[in-house]
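As structure tokens, the structure follows; a few thoughts come after it.
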Ligand SMILES: [Zn+2]
């Protein structure tokens with residue numbers, strides 16, 4: 002009897018899983034965290050069951066849950082303070098076909114239990130995971146374990162996603178501009194007072210900018226991402242290099258404690274930060290890969306190091322010229338922050354050959370800015386400013402090449 006029952010559960014599971022793959026993606030409808038004396042339990046309620054894989058990361062301590070492409074209807078809020086072992090969590094698309102939940106834990110933990118249970122008429126399907134605090138030594142021993150159910154490991158290795166192959170040379174002689182919508186997928190970026198996600202603001206602005214630049218007929222424009230998906234920092238400028246881009250513009254929107262601060266600002270790369278605020282901003286923006294649950298311990302540190310080559314110095318000069326045009330042009334359209342062009346060690350600006358700037362469009366921590374950044378009018382003004390700055394930048398290069 003017991004065997005038949007278990008067999009039945011397996012069949013139901015397989016049926017639901019296959020049905021889930023063929024029909025619309027499974028939807029996570031609610032997230033619950035339960036704090037018990039011994040453990041902290043995270044529950045994902047869903048309208049079906051799904052395969053999964055769980056693994057642990059250190060520096061900082063994280064728990065990563067990989068899922069197939071799943072949609073989220075669950076409310077999402079950053080935790081104000083830790084709930085048991087869970088300091089915070091987030092979710093989103095990590096790469097095509099692979100959604101991800103990343104849990105920041107308060108210290109080393111072990112996966113005490115994990116399961117997915119099919120729902121019935123009364124209850125939704127549930128995935129749960131129990132986290133139990135342990136000491137750092139025990140964590141070290143067990144950290145390479147992967148806990149999975151029906152997960153196709155061959156299809157999705159744990160290493161970071163690879164960048165696309167080099168593109169053939171362009172026949173079109175127009176300049177190519179790579180626009181980089183900051184954050185995406187499992188990395189939401191800053192979250193506004195009213196819950197606006199930076200990743201959404203940057204993507205919608207990037208699309209408007211692309212449209213405006215292309216409408217001029219003078220530029221080819223590509224984006225580092227076209228949808229709500231995580232892209233590693235290094236892959237962002239690698240994509241620009243592979244496409245043979247002439248300029249790289251990374252779009253962001255910041256959030257800070259001082260709520261009255263607002264306005265746009267422009268940043269370029271440097272070994273030494275221009276001021277402590279720019280340094281703190283770069284440190285925050287550089288965390289994207291950690292936020293997305295990527296293990297950085299074995300990565301070579303081209304991204305992390307701030308050492309700058311001679312070749313890069315020339316590029317940095319060009320970036321500074323472009324930043325100057327950007328500030329000038331942006332100032333005619335939108336409100337700017339004081340001290341608008343600043344420098345710091347932004348990982349995403351580290352292409353040695355492509356002049357790169359990072360634009361913070363405004364502050365999601367400011368009520369007016371948060372509202373403004375979501376308007377079409379603002380996106381259009383920013384696009385106009387970027388187009389004018391790009392025109393001036395290339396006009397200057399043309400003048401220089403003639404003289
Ligand atoms: Zn950002």
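Numbering (my numbering), first residue to last: 2 to 404.
Where is the CB? At the ideal position from N, CA and C, for every residue including glycine.
Treat the numbers as computed from the prediction; the structure is a model and nothing was measured.
Whole angstroms are fine: how far does the CA of residue 235 sit from the CA of residue 89?
Looking at the two C-alpha atoms, the distance is approximately 25 Å.
Under 7 Å from any heavy atom of ligand 1, does the C-beta of residue 348 make it?
For residue 348, the shortest C-beta to heavy atom distance toward ligand 1 is 7 Å or greater.
Between the alpha carbons of residue 272 and residue 280, how many angstroms are there, rounded?
Going by the C-alpha atoms only, they are around 10 Å apart.
In whole angstroms, what separates the C-alpha of residue 206 from that of residue 384?
Rounded to whole angstroms, the separation of the alpha carbons of residue 384 and residue 206 is 8 Å.
With distances taken from each beta carbon to the nearest heavy atom of ligand 1, which residues come in below 7 Å, in chain order?
With 7 Å as the limit, the residues whose C-beta approaches any heavy atom of ligand 1 more closely are 183, 184, 190, 191, 199, 253, 254, 255 and 286, in sequence along the chain.
Alpha-carbon to alpha-carbon, residue 200 and residue 265:
Residue 265 and residue 200 have their alpha carbons spaced roughly 16 Å apart.
Burial state of residue 64 (16 or more Cβ within 10 Å)
Burial call: buried.
Could you give the first and the last residue of the continuous alpha helix (DSSP H) run that contains residue 56?
Boundaries for residue 56: no alpha helix (DSSP H) harbours it, while the beta strand (DSSP E) harbouring it runs 53 to 58, taken from the DSSP string.
Rounded to a whole number of angstroms, what is the C-alpha to C-alpha distance between residue 313 and residue 221?
Using only the alpha carbons, I get a separation of about 24 Å.
I'd like the span of the beta strand (DSSP E) that includes residue 210, first residue to last.
Counting along the chain, no beta strand (DSSP E) covers residue 210; the unbroken alpha helix (DSSP H) around it starts and ends at 199 to 216.
What does the Cβ neighbour count give for residue 139, buried or exposed, with the cut at 16 atoms within 10 Å?
Around the C-beta of residue 139, fewer than 16 other C-beta atoms lie within 10 Å, and the residue is accordingly described as exposed.
Neighbour-count burial assignment, residue 399, 16 or more Cβ in a 10 Å radius
By the neighbour-count rule (16 or more Cβ atoms within 10 Å), residue 399 is not buried but exposed.
Closer than 7 Å by C-beta to residue 75: which residues in its own chain qualify, once you throw out the five before and the five after it? Chain order, please.
Only 29, 30, 31 and 32 meet the Cβ criterion.
Mapping DSSP to helix, strand and coil, what is residue 162?
Note that residue 162 has pLDDT 49, beneath the 50 cutoff, so the model's placement of it is unreliable and the number below is only indicative. Residue state, collapsed to three classes: coil.
For residue 197, which residues from the same chain have a beta carbon less than 6 Å from its beta carbon, with the 5 sequence-adjacent residues on both sides left out?
Contacts found: 365 and 371.
Whole angstroms are fine: how far does the CA of residue 125 sit from the CA of residue 255?
Rounded to whole angstroms, residue 255 to residue 125 spans 37 Å at the Cα level.
Roughly how many angstroms separate the alpha carbons of residue 210 and residue 181, rounded to a whole number?
Within the model, the alpha-carbon separation for residue 210 versus residue 181 is close to 11 Å.
Please report how far the alpha carbon of residue 403 lies from the alpha carbon of residue 253, in whole angstroms.
Each residue's Cα considered, the two are about 35 Å apart.
Determine the DSSP secondary structure at residue 184, reduced to helix, strand or coil.
Here residue 184 sits in coil by DSSP.
Have a look at residue 53 and residue 26 and give me their C-alpha separation to the nearest angstrom.
Roughly 14 Å between the two C-alpha positions.
Out of 106, 71 and 73, state which residue places its alpha-carbon closest to the alpha-carbon of residue 86.
Looking at the Cα atoms, 106 is the closest of the given residues.
Unbroken alpha helix (DSSP H) run spanning residue 251, endpoints:
Per DSSP, residue 251 lies in no alpha helix (DSSP H); the unbroken beta strand (DSSP E) holding it starts and ends at 248 to 255.
Quick test of your reading: residue 359 and residue 251, contact by CB under 8 Å. State the CB separation rounded to the nearest angstrom.
In this structure, residue 359 and residue 251 form a Cβ contact; the two beta carbons are roughly 4 Å apart against a cut-off of 8 Å.
Report back the beta-carbon spacing between residue 323 and residue 274 to the nearest angstrom; my notes put them in contact at under 8 Å.
No, residue 323 and residue 274 are not in contact; Cβ-Cβ is about 19 Å, not under 8 Å.
Enumerate, from N- to C-terminal direction, the unbroken alpha helix (DSSP H) stretches of 4 or more residues contained entirely within the stretch 260 to 306.
Listed in chain order, they are 277 to 286 and 289 to 292.
Run of the alpha helix (DSSP H) containing residue 364, from where it starts to where it stops
No alpha helix (DSSP H) contains residue 364, which is instead part of the beta strand (DSSP E) from 357 to 364.
When DSSP labels each residue in this structure, what does residue 30 get in the three-state scheme?
Residue state for residue 30 is assigned as strand, using DSSP reduced to three classes.
Counting pairs of beta carbons, one from the stretch 215 to 230 and one from the stretch 317 to 334, are three or more of them closer than 8 Å?
Segments in contact, no.
Within its chain, find whatever has a CB closer than 6 Å to the CB of residue 246; leave out the 5 residues flanking it on each side and keep chain order.
Within the same chain, residue 246 has close Cβ partners 177, 179 and 355.
Within the same chain, show all residues whose beta-carbon is closer than 7 Å to that of residue 40, passing over the 5 residues directly before and after it, in chain order.
Excluding positions up to five away in sequence, the list reads 113, 131, 132 and 133.
Own chain partners of residue 386 with C-beta closer than 6 Å, once the 5 adjacent residues on each side are dropped:
The answer, listed in chain order, is 330, 331 and 334.
Would DSSP call residue 352 helix, strand or coil?
If DSSP states are grouped into helix, strand and coil, residue 352 belongs with coil.
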